[in-house]
Amino acid sequence: MTWLILAVTVWGGTLSGSDNSPAPASIVVATTRGQIEVSVAMERGHPALSVPRLSQLLPVTAEVVDGWGVVEFAEQPFRFLLDASLFVFQGRVFPLVGGAYVSRDTLHVPLQWLAEYLPRVFSEAYRYDPYAGRFEEARLAPVAPPVTQPRLSYRSPRAGSAAARNGFKMHHTVVVDAGHGGTDPGNPGRFLPRGVQEKHITLALAKELQDELHKRGVDVVMTRSGDTLISLRDRARMCRDDCSAFVSIHVNSLNPTPGYENISGLETYFLSAARTREAARVAAMENDAVRYETDAVLEEDDPLAFIVKDLYRNEYLRESALLAEVIQEHGARVHPGRDRGVSQAILSVLSHAERPAVLVEAGFATNRQDARFLTSATQRQQFAEAVAQGIVAYLRRYEEKVLAGNVP
8 MTWLILAVTV
18 WGGTLSGSDN
28 SPAPASIVVA
38 TTRGQIEVSV
48 AMERGHPALS
58 VPRLSQLLPV
68 TAEVVDGWGV
78 VEFAEQPFRF
88 LLDASLFVFQ
98 GRVFPLVGGA
108 YVSRDTLHVP
118 LQWLAEYLPR
128 VFSEAYRYDP
138 YAGRFEEARL
148 APVAPPVTQP
158 RLSYRSPRAG
168 SAAARNGFKM
178 HHTVVVDAGH
188 GGTDPGNPGR
198 FLPRGVQEKH
208 ITLALAKELQ
218 DELHKRGVDV
228 VMTRSGDTLI
238 SLRDRARMCR
248 DDCSAFVSIH
258 VNSLNPTPGY
268 ENISGLETYF
278 LSAARTREAA
288 RVAAMENDAV
298 RYETDAVLEE
308 DDPLAFIVKD
318 LYRNEYLRES
328 ALLAEVIQEH
338 GARVHPGRDR
348 GVSQAILSVL
358 SHAERPAVLV
368 EAGFATNRQD
378 ARFLTSATQR
388 QQFAEAVAQG
398 IVAYLRRYEE
408 KVLAGNVP
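What the sequence shown shows, in the working numbering, is residues 8 to 415, in sequence order.
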């Protein structure tokens, strides 16, 4: 079974608040240059340390830039989003129990980061003794080996199965999400046949994608197989431990403006802050589906707070970007419209994913050519086949990294 896990660890023990032991009032920092006692601040509810105080003995520097605390330890950069319980290292996001913050013009970093994370990165250079409350330098010079991930267990496909015939060495399950449904029709479809709405096209395409993936030995879980409404947060939650990826299918559309009927093409999204006005428009359009959910819990309006909160559940942005790229590459080969590339946006349906997740805008219902493409059974099947090939290409690349022990 494939588990696409990027080894984001929520640490236990006294520092992470997993038991009732109090945080130390201070810790000792010891190096070949001497030792100092560093007070532990608790003003934000979690133990934190003054960076200037640490810099008296440790190879640490810091600056605050645009809401981020950029901390270099032994020339390795760690980026803390201020007042958010996370930091970024080597392109990956790691959650913390409490975040970095500025108090009285002084940057404070979580004790958890120094005591539990740094000894793992600089394993040959530093160690932390939680019983003595002592962070100390080892005899070797500081080094920063790459962060390696543990070997992931997996289940091989049966001999002679479709998966084995297609070259898979691991078992895969993909959740395919047909966008909208039930009381949520999606966009009405300017050039779709009378009575046909986005929810009908997405379901047809999702079923065809299911068939194509089955042919290639990939198991599929459908978020819906009929005209039913599934909440945005429940869709991606179907992709958990027994899942390799989440793919949500949608149809794009535009409000009437001069030339809007000429806009066409395929675009694939992954979850991150929108970088373009068009990405923000698509996010607003797709996220509007929450109004059909009578029990919906509205997310925060602040986009930054929204994405920070969801980074706890979705640590797979890099893998999601790779999945989006290969799906876009393969799908664009058969799509009659423009290759609109890969984009990123804060999409609610992806924000609850715990595996690599993408949203495919399969064309514009406000473009005649795209509408004919999406309503043609033959062309839609060709598109589903191309998307399936993209998913398979991604899964094979992932297998290579897992089996080589190089999961990014």
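C-beta atoms are modelled at their ideal positions from N, C-alpha and C, and glycine is treated no differently.
Residues near residue i by beta carbon distance below 7 Å, same chain, minus five either side
| i | result |
| --- | --- |
| A296 | H187, D191, L239 |
| L121 | L56, F142 |
| Q63 | I43 |
| W75 | R86, F87, L88, L89 |
| L220 | V181, V227, A395, I398 |
| R244 | H359 |
| L354 | Y276, L278, A290, E293, N294, L366 |
Where residue i sits in the DSSP three-state scheme
| i | result |
| --- | --- |
| S327 | helix |
| L453 | Residue 453 is absent from the structure shown; the chain starts at 8 and stops at 415. |
| R111 | coil |
| F380 | helix |
| Y133 | strand |
| E79 | strand |
| P84 | strand |
| F94 | strand |
| I43 | strand |
| A169 | helix |
| E336 | helix |
Beta-carbon proximity of residue i to residue j, cut-off 8 Å
| i | j | result |
| --- | --- | --- |
| V172 | L273 | In the sequence as displayed, the identity of residue 172 is Arg instead of Val. Taking 8 Å as the Cβ cut-off, R172 and L273 do not qualify as a contacting pair. |
| V78 | V67 | yes |
| K222 | A169 | yes |
| E293 | V356 | yes |
| V71 | V109 | yes |
| F233 | T209 | One point to set straight first is that residue 233 is Gly, not Phe, in the sequence displayed. No, these two residues do not count as a Cβ contact at 8 Å. |
| A391 | L212 | yes |
| R362 | Y405 | no |
| I34 | G106 | no |
| C246 | A132 | no |
| H179 | S251 | yes |
| D184 | T230 | yes |
| A378 | L199 | yes |
| Q119 | V104 | yes |
| G174 | R403 | yes |
Paired residues, beta bridge with residue i - DSSP
| i | result |
| --- | --- |
| N259 | F371 |
| D184 | S255 |
| T275 | V349, V367 |
| R141 | V35, D136 |
| A48 | A55 |
| T68 | E79 |
| V228 | V182 |
Beta-carbon contacts of residue i that lie in its chain and below 6 Å, excluding the five residues immediately before and after
| i | result |
| --- | --- |
| F277 | S327, A328, A331, Q351, V365 |
Nonlocal neighbours in the same chain, by C-beta distance under 8 Å from residue i, ignoring five residues either side
| i | result |
| --- | --- |
| V203 | G196, T382 |
| A48 | P54, A55, L56, S57, S110, H115 |
| R445 | This structure cannot speak to residue 445, because the chain is shown only from 8 to 415. |
CB contact check: residue i to chain B, cutoff 8 Å
| i | result |
| --- | --- |
| G186 | Of the protein chains in this structure there is only one, and it is not chain B. |
Contact test: residue i Cβ vs the ligand ADP heavy atom, cutoff 7 Å
| i | result |
| --- | --- |
| T38 | No copy of the ligand ADP occurs in the structure displayed, which carries no ligand at all. |
(Q) Three or more C-beta pairs under 8 Å: does that hold for the region 126-135 against the region 107-117? (A) Contact between the region 126-135 and the region 107-117 is absent, because fewer than three Cβ pairs lie under 8 Å.
Q) Does the count of Cβ pairs from the region 396-403 and the region 208-228 closer than 8 Å reach three? A) With a cut-off of 8 Å, the region 208-228 and the region 396-403 count as touching, because enough Cβ pairs lie within range.
Q. How do the region 361-380 and the region 258-272 stand: do at least 3 beta-carbon pairs fall below 8 Å, yes or no?
A. Counting Cβ pairs under 8 Å, three or more are found: they touch.
Q) Is the region 333-348 close to the region 221-235, with three or more CB pairs under 8 Å? A) Touching, no, given that fewer than three Cβ pairs across the two stretches are closer than 8 Å.
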